[in-house]
Each structure stands twice: as C-alpha cells, then as structure tokens.
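Quick note, the sequences are listed as chains A and B, same order.
Position 383 of the first sequence, counting from 1, maps to 383 under our numbering, and the rest follow consecutively.
Take the position in the second sequence, starting the count at 1, then add 1000; the result is the number in our numbering.
Where a beta carbon is used, it is the ideal one built from N, C-alpha and C, also for glycine.
See below for the structure under consideration.
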Amino acid sequence: LAQGVVPTVPWEVREETLENGLKVLLLHDARAPVVTFMVWYRVGARNERLGSTGLAHLLEHMMFKGTKAYGPRRFSHLIQRHGGQLNAFTGQDHTAYYERLATDHVEIAIELEADRMRHLVMEPEAFRLERQVVQEERRRRVEDQPIAFLWEQLRAVAYQAHPYGWPVIGWPTDLQKLTVEEAQRFYDRYYVPNNAFLVVVGKFEDDVILNMIRRYFGPIPPGRPPPTVEAQEPEQPGSRRIVVQRPAHLPYFAVAYHVPTYGHDDAPALDIMADILGGSQSARLIQTLQRDKQLVLSTGAGYDGTSIDPSLLTLSAQPAPDVPVAAVEAAVWEVVDGLKQQALAPAELERVKRRLTTAYVIQLDSQFARALALGQAEMTQTWQWLNDYLSKIAAVRPEDVQRVARTYLRSENRSVGILEPLPLSDTPERHPVGPPLTTPPATHRGQIP
Amino acid sequence: MSARHIYSVFLGLLLCQVTIANALPQASREVLPNGMIYLHVEQRALPLVTVLISLPAGTLAETAQQAGLASLTAALLQEGTTTHSGTELAQAIDTLGGQIGFDADRDAATGYLTVVRADLKAGLRLLADMVRHPTFPQAEVARQVKEAIGQIQRSRQEPATQVQVAFREALYGKHPYGRRVMGSVSTLPSLSRQDVSRFHRDYYRPEGAIVVMVGDVTQEAGKKLLQEALAGWTGAPQPFPEHPEISFPDTLEVVKLDREVSQAHIRFGHPGIERNHPDYYAVEVMNYMLGGGGFESRLLTRIREERGLAYRAWSAFDTGLVGGTFTAGLSTQNATADEALPLLFGTMEQLQQQPVREQELADAKAFLVGNFPLNLASNRHLASIFTTIERFELGLDYLERFPELIRAVTRQDVQRVARQHLHPNAGVLVILADMDQAELSGLTLP
C-alpha cells in the first residue's frame, strides 16, 4: 500500500496569565463559529484523604447547585437556553468543567464559571441528595459491573501508599458519610484562580475573549497556595495477586505494572510498547491470543502517561467461554516475554509509529478532543509537550522498546487481578398487568406498517 | 480497557441535530453510473478525509433464522480478501492509522474510513477490496461465530445491556427490531460460510448505496478516487425479506428480571414515530422537555435533582428505516424503584394533561436551534448527518430549514404530540432488579 506523508499540524497556543495567577490557553479552530470553554482545577482524588474519598467528585456535582447570584439549576438552564452543552469530569489529578456553545454566547459561560469559582452555595439538603445521586452513579458504574469492580480492586492493590489506589468516585463507606462542611473546606482550599487554568478552543477573537475573561475572572483574589501531595509509592517489592468474586458469566484477567508518566524519558517507548501489545487489530496480544490461539473474546493494553505521579500500564483479557484463565495468563506472559527477548522488527515499529502519528492528527477533527488534550497536557506537563510528542515518538528505536519491556514488565512490578464468577440466575418472568387501552387514539395505529 | 476512570456529572452529551443560517456546510449530490449516491462536502481546514458508505445490509436484511448474519458478514469483510489475509488487512489498516472498517446495525451496514488526505487513495482501495473481494475463510467464520456467542454470554452480566435486550424482545417480538444485531446463541451456530457469501452477494451492491465524503478534497478529485477504487462494481441489492408487522401493545406489559444487583434498571417504551412523520419536530421539542434535555428535562429534574433517586433518567425517540421507538429509562437502588417508577409515568402523563409554559417551550426551542453549529464542526459529524439526510430524503437544504421546523412548534403542538405519541398505559415495561429488595408488589402502574 502506498502511504502518503502524515502532515504535521502544530499546536499554536497563546498563553496569558492574569494577575491573580489564572492561566489562559487559547487555540483557534475556525471551522465553525463555536467555542469549547474549559476550567481546569488542579485538584482531584489525589488530593483527598482516606475516610473522605470521593470528595473531589462529589464537589464537582455540587458545582451545579447554584451560587449567591445564580440559584439552583440556573447554571444549566442559562447554558442550555443559549444552545450550549455542559458537563464536568473528575480524575485523579484534576476536576474540569466545560461548556460548548456558539461563539456569540460564550460570555454567559465565562461569567457563570467565574461566578462559581468562588461563590458556590452548598445547602445541606442539596448536598445530601447529591450524595445519593453519586451513590447511584457508583452502583451503576462499579457495583453492578464485575469488570469495573475488578479494576477498582486491582488499583487498590497496586498502590499501597499513594491516593491513586482509591477510586475517583470514592469508597462506598466514605460516600455514605461525606459532609457538606468538608466539601466546603475542600472547595475553599482548592477552588482559587492560582490553582486553575482556562482552555478556550474554537472560533473567536483573542482580544474579545481575553477581555471577557479579565472582566469576570480578574477580580477574583488569589488564594493561599493549596497544600502539595507528598505521598509517594515505594518500589513494588514483589508480584501481587488478587481474586475477586462477583456474580458474572465469564472470568476476567487484568494486570497492572507501575510505570512513569509523560515527564519521563521512557514514556514514548512505553506508548509504543502498549500499542504493540494491544493498541490495534494487528497488536501482538490480539494477534496471538484472539486470532491464533482463540483463547479470548477480546484483549488489550493501556498506558496513560497523563498523570502527575507515576501511572500504570495495564493488560487485560476476556477469556472465551470454557477457556481456563490459567491458559490465558500463560499466553499473556509469553507475549510479554517475547517483547523482552527479541528486539522489534523495524517494519513493526514503523507501522506503530505511523499509526500513532496519524491518530494524533485525526483526533484534531474533534474540537472537544483538542481542548481535552490541551488541558491534560497542561495539567501534568505543559501544553508545549504536545508539540514535542511526535518527534519523541519518531526517535524511539527497537532497543528502547526492548529496554522498557525489561525494565517495567517484570513480575515483581506487577499486580494481577482475576475475576472469578459467582453464579447468576437469569430466567425472565412475564406479568402482563394494567388495564387494556380501551380507546386508542385514532392515529395511534397504522403509523407504522 | 483501561484501569483509569473519569467520572462525569452527567452521562453523555446531549443529542441533537439542528441548525443556524451561519456559513452552513454545503453538500453536492450526484448519482454515479452504478447507482451509488455520492454526497460530498469540502472541508479544507484539516488535512483529513472521512468517508461513510451505507449499504442496506443490516438486521433488516436477515430472516429470523439468520439472526446475526448481517453483523457477522460486516465483521468478516476485515478477515480476508482475494489479495490480503486477515492479518495483512489488519496491518494495512494499522499502517494507514486511521479508522477503517465495517459495522452493521439494524438498518444498514456502514463502511467507514478516516485518513489523512495523503492516504485517501490507499484507504479507498482498501475499503473497496474489503467490500468487493472478501473470501470469508471458514476458520474466520468459525472464530467470529464463537466470539459473538461468547460476547452474548458475557453481556448477561451487564444489567444495562440485559434490560435493553429484554425491552426490544418484548416490544418487537419476531420483527428484526426485536433482535440483537449480533444475533443469538440459538441462530449463530447454524450460520455458515455459504450464508455469509450469499448475504454479501445479495446486499453489498452499489445501486442505492449512500457514499458521503467530507474533508480536504474537492468533489471532482474525491469522485475520481472513489470511481477508480470501485471500478466495475455494479448491481442492485435484493429486497429485504418479509418481516412480521410491528404491532402496538394494547396494555402495559411488564417484564421482570430478577437479578442479584444493587440497582434496579427500568426501561419503558413503545413504538415511536417515523422519521418522516409531520410531527417529528414537535416530538423532538416535547422530548427535550420530557427527558432529552439533560438537566433541563422534567425527568431528570424530578427524579435526580429533586429526589436524588438516580444518576440518569432520560427519554428518547429513535427513528429507524421502518419505524421508530420511544424509550425512557432510569436506574435506582432496588429499594427506591417503587418511588421512581410513578415519577416516570407521572411525568409523561403531566405533559399530556397540562400545556407547557410558554417560557419552557421557548427555552427548548432555543436549545435545539442554538445547539446546531456544535454538530457541524467535525468531519465525522457532518458525514453522519448527511447520511441521515440522504437516507430519509430530508433534502440538501435540510440544515437551512431546520431552525424554522423547530420554531414553528407551538404549545398546542407539544400537548397534542404528547397525547398522540406517548402511551404510558400501552407499552413494555422492563424491570431488572433484586426483586426481594425491590418490593414492587404494592405498586400502581398506569
């Protein structure tokens, strides 16, 4: 197949910092008169304490509950009536809020975000209800999802001394008793302009946007610098293994290795290694376990270097029915050992590099993805890192991948988690109830042939 | 699968497809000599091109005995052609780096391609090779069948999937809309290589296929590359097999699934309006207020904001080729299912009984109209919107017309369509819960 040259599209970001310490990153995307506006706070589950896990995320929910100037539900109401979309997300390191709307209406988003940076009103009753909502969210995402439950347990085993070991959504016991007072203290400590930055991507005029930002965010006084997180995960002294029993139909196999983040020189080789293992259809785990040996229904590998403290490289496999987990595990180790024993063929490395390079350009099609990448880069490194990434990927040699495989994919550095299914019963029963519809509207029938 | 999780205050972006009159992307339309309908939108800002090819090869093209055949066929296009093995195809796709492949849903099979401009020719050739010269190796057929059966088995441990599957089955019965696209454990083992070959021969034909190309290429250049890649491909697809009629429930049918879960999953719905129904836009507006408008919707306000009973509570009207579906749903801990259910039905009934306030209507319309440009900012969205426009013959001026279609909706329309297109007492209600804890016996349903 004849391939063309992948064009480079530089990130031309303008950076400004307000006097109160709030940094602003501006990036143009002139394709449509639309703006994605994000506020990133440098606070996440990482900043919580045991006994209060889930606090950062619950506070994120509370941020939609109103301020002195704009009462309950006004935030979403005003954004949506201007045609805007809004949401927020909490991770280990960050809490971010965003609005996407037509450029003409961006001022309302800027005003409302500035307002809730310092003027949130947390009513105890609203807090109690929202804590219930988050408990429902946890049930939905974790309690009734055996694979998600396994991952949560595996993280807790991989990290013993660092907050990355607890779930962003919080332990269920903590969620029952988080208080509005501690949420208020958390908010006062971390929601200050000098602990946040803004990302604006879209079609706009710099001066217009910057003036609005100065008008609304400028008067907010800086806060005391928030406390730093000193926790550090010591080197793992030997392999760890857990078995999680949950109602399920099939077992699951998951592995986590401690690895450094994008700030480290090994990160580009780790990115390539994860991709070679499980990042695409021709990846080794898929080729070997799924296509050749037919042991699994799916398999993959993941490395996310965008975190402040050292991260995890994960491997996973969904064993096919009637295939023992032990057979899957043995096959996974064989693939991992292969990477350590033999340097990559240049063609395989070139294929992965080209794939990662193209994927990098393709993500630019989404304005939201651009804003997200910019925010994540700034949160953990600096945004300039985005412009260096591809040249770092290009510089990776076969021996680099072999070296990082030997350095990090060691059994002493890994935690293994296995989901062991408990029986599920699943026979439906049917109960027609309720009165018959006696007078169906005339148009009701016959709409559909 | 990553071990890293990010949590959001609200699941999913708001769905909508709408317009402003400001610099709208323009599409050209041309019927090619082999009967393919070719839509092109030039977007030069990024060095990328997206192509979607839509063929009448979804679940609607299967018989009930063949359930899963459409999905199996689409998957197998990537597993070997006369010139490439499955592994070679996977490597070629990965080398181009973009997204290339085929997928089937209930209505259609879709070939998709997103590549950098310089790879458009190679990408189209690869896509054309898969659609025209698949070999369906026996070993790959067997593997894909085995994997699909395994995936179905695994999905029984996912409450959200189970409740959706049970809802569709109860609502549509033997009609293809009642089946899972991936098929069932009873039909999949009987599907053979011959079935796949025949299905491919009958439904992967160019006449009437919709091709939408969006990106950094002119219409002429795009058309030339497309025609080169597909030279000699001719023929019309077979008509769909006969299917049972979609019947409307007369009563409320309740399906209970007793499971060891911490949360009750609730789905209610019934057949909904078709895409070309004149009430479609009034229904869009009404549904925004009911459960489509996120924090602004009545369902989320009552169930989540006022009572903290659920993370999500929503409603949607989906439109397929042969009919639409109305669905509403929520999940709440077992013990509060009996509290949440009446709110779901009560909210629907309230829209039928009381006219909405003028301001609420104005806000809903303002959102639907104002949100439009957000969905026209990416090539991927544009390709998908123009596929819909062509499939339902909405006209190339649809993007310009949309705001007027929404603005024309009145309070009377909203109440009328709520009465006409919502049927709280004639539909299917599926409750998946730990029935011992859910205590639904005392519940009064509509």
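Query: Secondary structure of A:Y360, DSSP reduced to three states; Result: helix
Query: Short-range partners of chain B found in the region 308-322 of chain A, where Cβ spacing is below 7 angstroms; Result: L312, T314, S316, Q318, A320 and P321
Query: Contact set for A:D304: own chain, Cβ-Cβ below 7 angstroms, skip 5 residues either direction; Result: S311
Query: Member of A:L313, A:E48, A:L101 and A:L315 whose CA lies at the smallest distance from the CA of A:P163; Result: A:E48
Query: Classification of A:D207 by the beta-carbon crowding that lies within 10 angstroms, buried from 16 upward; Result: exposed
Query: Length of the line joining the Cα atoms of B:N987 and B:Q1219; Result: Residue 987 of chain B falls outside the range modelled here, since chain B spans only 1001 to 1446, and no answer is possible.
Query: Best match in A:P421, A:R414 and A:Y70 for proximity to A:L154 [C-alpha to C-alpha]; Result: A:R414
Query: Where A:D144 meets chain B, residues with beta-carbon distance less than 7 angstroms; Result: P1159, V1261, S1262 and Q1263
Query: Beta-carbon gap between A:S52 and A:F64 smaller than 8 angstroms; Result: no
Query: Three-state secondary structure (DSSP) of B:L1432; Result: strand
Query: B:S1331 beta carbon less than 8 angstroms from that of B:A1221; Result: no
Query: Cβ contact check for the region 170-190 of chain A and the region 261-272 of chain A: 3 or more pairs under 8 angstroms; Result: no
Query: Reduced DSSP secondary structure (H/G/I, E/B, other) of B:A1045; Result: coil
Query: Assigned secondary structure, A:I110 (DSSP; H/G/I helix, E/B strand, else coil); Result: helix
Query: Interface partners of A:V6 on chain B, CB under 9 angstroms; Result: P1047, G1097, V1116, A1118 and D1119
Query: Beta-carbon separation (whole angstroms), B:P1159 vs A:D144, contact threshold 8 angstroms; Result: 5 angstroms
Query: CB contact flag (B:L1077, B:V1131, <8 angstroms); Result: yes
Query: Whole-number beta carbon distance between A:I242 and A:H417, since they are thought to touch under 8 angstroms; Result: The sequence as given places Gly at residue 417 of chain A; His does not occur at that position. The Cβ separation is near 5 angstroms, so the contact holds.
Query: Identity of the residue in B:P1134, B:A1092, B:M1182 and B:A1104 nearest B:A1057 by Cα; Result: B:A1104
Query: 6 angstroms CB neighbourhood of A:A156 in its chain, flanking five on each side removed; Result: G165
Query: CA-to-CA distance, A:A377 to A:A16, given in whole angstroms; Result: Reading the sequence as shown, one finds Glu at residue 16 of chain A and not Ala. Cα-Cα distance, rounded: 16 angstroms.
Query: In DSSP terms, what A:Q184 is bridged to; Result: None; A:Q184 has no bridge partner.
Query: CB contact below 8 angstroms: A:P33 versus chain B; Result: yes
Query: Nonlocal neighbours in the same chain, by C-beta distance under 6 angstroms from B:G1215, ignoring five residues either side; Result: Q1043, L1048, V1049, T1050 and N1379
Query: Per-residue burial, B:S1297 [other beta carbons within 10 Å of its own, 16 or more giving buried]; Result: buried
Query: B:G1427 - DSSP class collapsed to helix/strand/coil; Result: strand
Query: Short-range partners of chain A found in the region 1380-1395 of chain B, where Cβ spacing is below 8 angstroms; Result: R1380
Query: Exposure of B:P1249, with buried meaning 16 or more beta-carbon neighbours within 10 Å; Result: buried
Query: Cutoff 8 angstroms: A:H249 Cβ touching any chain B Cβ; Result: yes
Query: Same chain, Cβ closer than 8 angstroms to B:A1021, five either side skipped, listed in chain order; Result: Unreliable placement is indicated for B:A1021, whose pLDDT of 41 sits below 50; the coordinate value is still reported in the next sentence. Contacts found: E1400 and P1403.
Query: Same chain, Cβ closer than 6 angstroms to B:K1121, five either side skipped, listed in chain order; Result: L1225
Query: Proximity to A:R131 [Cα-Cα], best of A:A158, A:I169 and A:F197; Result: A:I169
Query: 8 angstroms contact criterion, which A:L386 and A:A373 should meet: CB distance rounded; Result: 6 angstroms
Query: Buried versus exposed call for B:H1133 [16 or more other C-beta atoms within 10 Å across all chains shown]; Result: exposed
Query: CA-to-CA distance, A:T95 to B:H1074, given in whole angstroms; Result: In the sequence as presented, His is not what sits at residue 1074 of chain B; that position holds Ala. Approximately 40 angstroms between the Cα atoms of the pair.
Query: Sequence ranges, beta strand (DSSP E) only - wholly within the region 1191-1241 of chain B, length at least 3; Result: 1210-1215
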